[in-house]
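**Q**
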Amino acid sequence: MIPFKDDNPTQTFPYVTIGLIALNCVAFIWQITSPLGINKIAYYYGAIPQNLISFDIVQPIHPVTSIFTSMFLHGGFFHLGGNMLYLWIFGNNIEDALGHIRFLIFYLFSGIVAVYAHTIMDAHSLIPMIGASGAVSGVLGAYLLLFPKAKIYTFLFFVFFWQIVRLPALVVIGFWILIQIVSGIMSQEFEQQGGVAWFAHIGGFLIGLITIKLWLPRKRYVAY
């Protein structure tokens, strides 16, 4: 199941969404062209759980700063492409609902919560976490609550069978979060190793789902 667009129109141009996508792409180009290499950059600028708990600074930057830099780094083309696809599909509507500045703060806030959700679950890990997944998950949580009936164009495939269908956001995002929860539970059965920070996805999603209405601008009324 791969979503690729929605039919949920917006009234404003998504400057911040496009800017975030561009910034992530530029950062990835820097990663793959830098003489440091992707792995070393991840250890220099990724969010390392143990550092965030103990503040043992063994990176070129402060652990708190690494929370933000980690959101713009990715481990490969598919990692980047998947996150940016979801941000493009769902981000513009949340930006439209919140306004440009509120959306940017909400996005970063979701990313921060996601980092600490992963940190709490694996506090002694020295493996750096990178990626926009946590922040994008917050956007998905917000979209699910605000637009559960919006139709998402989705590519379905099974072996040699494939079809494009329009599914409610509730189904598409609901299936996505189910995968994250199951994968997060299963990941606890294995020893610490590199991979996907499933609990960052879950944490980002839940904070977006729970708090999005608090971020909505207050409606103004004119008395007459």
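So for the sequence shown, this note's numbering puts the first residue at 17; every next one is plus one.
Glycine included, C-beta positions come from ideal geometry on N, C-alpha and C.
Quantities reported herein were computed from a predicted structural model and do not represent experimental measurements.
Just curious, the alpha helix (DSSP H) that D260 is in, first and last residue?
**A** Because residue 260 is not part of the residues shown, which for the chain are 17 to 240, the question remains open.
**Q** Give the straight-line distance between the Cα atoms of Y132 and L39, rounded to the nearest whole angstrom.
**A** Taking the sequence shown and counting its residues from 1, the one referred to as residue 132 is at position 116. Taking the sequence shown and counting its residues from 1, the one referred to as residue 39 is at position 23. Near 23 Å, if we compare the C-alpha coordinates of L39 and Y132.
**Q** Per DSSP, what kind of secondary structure is R118 in: helix, strand or coil?
**A** For the purposes of this step, residue 118 is identified with residue 102 of the sequence shown, where counting begins at 1. The answer is helix: DSSP assigns R118 an H, G or I state.
**Q** Starting from F174 and walking both ways along the beta strand (DSSP E), at which residues does that stretch end?
**A** For this step, residue 174 is matched to residue 158 along the sequence shown. Per DSSP, F174 belongs to the beta strand (DSSP E) from 167-174.
**Q** Taking its Cβ as the centre, do 16 or more other Cβ atoms sit within 10 Å of A139, making it buried, or is it exposed?
**A** As a working note, residue 139 is residue 123 in the sequence shown. Exposed, by the Cβ-count rule.
**Q** Please say whether P25 and I168 have beta carbons closer to each other than 9 Å?
**A** By one-based count along the sequence shown, residue 168 stands at place 152. By one-based count along the sequence shown, residue 25 stands at place 9. The answer is no: Cβ separation not under 9 Å.
**Q** If P79 and L68 are in contact, beta carbons under 8 Å, what's the gap, nearest whole angstrom?
**A** On the sequence shown, residue 79 is found 63 positions in, with the first residue counted as 1. On the sequence shown, residue 68 is found 52 positions in, with the first residue counted as 1. 5 Å between Cβ atoms; contact.
**Q** Helix, strand or coil: how does DSSP classify A139 here?
**A** The residue you call residue 139 lines up with position 123 of the sequence shown. Residue state, collapsed to three classes: coil.
**Q** So the candidates are I117, G147, T85; which of them puts its Cα closest to the Cα of Y102?
**A** For the purposes of this step, residue 102 is taken as residue 86 along the sequence shown, with counting starting at 1. Comparing Cα-Cα distances from Y102 to each of I117, G147, T85, the minimum goes to G147.
**Q** So, using beta-carbon positions, are G224 and L156 closer together than 9 Å?
**A** Here residue 224 is taken as the residue at index 208 of the sequence shown, counted from 1. Here residue 156 is taken as the residue at index 140 of the sequence shown, counted from 1. Their beta carbons are under 9 Å apart, which means G224 touches L156 by this criterion.
**Q** Tell me the DSSP bridge mates of Q179?
**A** Taking the first residue of the sequence shown as 1, we reach residue 179 at position 163. Bridge partners of Q179: L172.
**Q** Who does M145 pair with in a DSSP beta bridge?
**A** Against the sequence shown, residue 145 aligns to sequence position 129. Looking at the DSSP assignment, M145 forms a beta bridge with A63.
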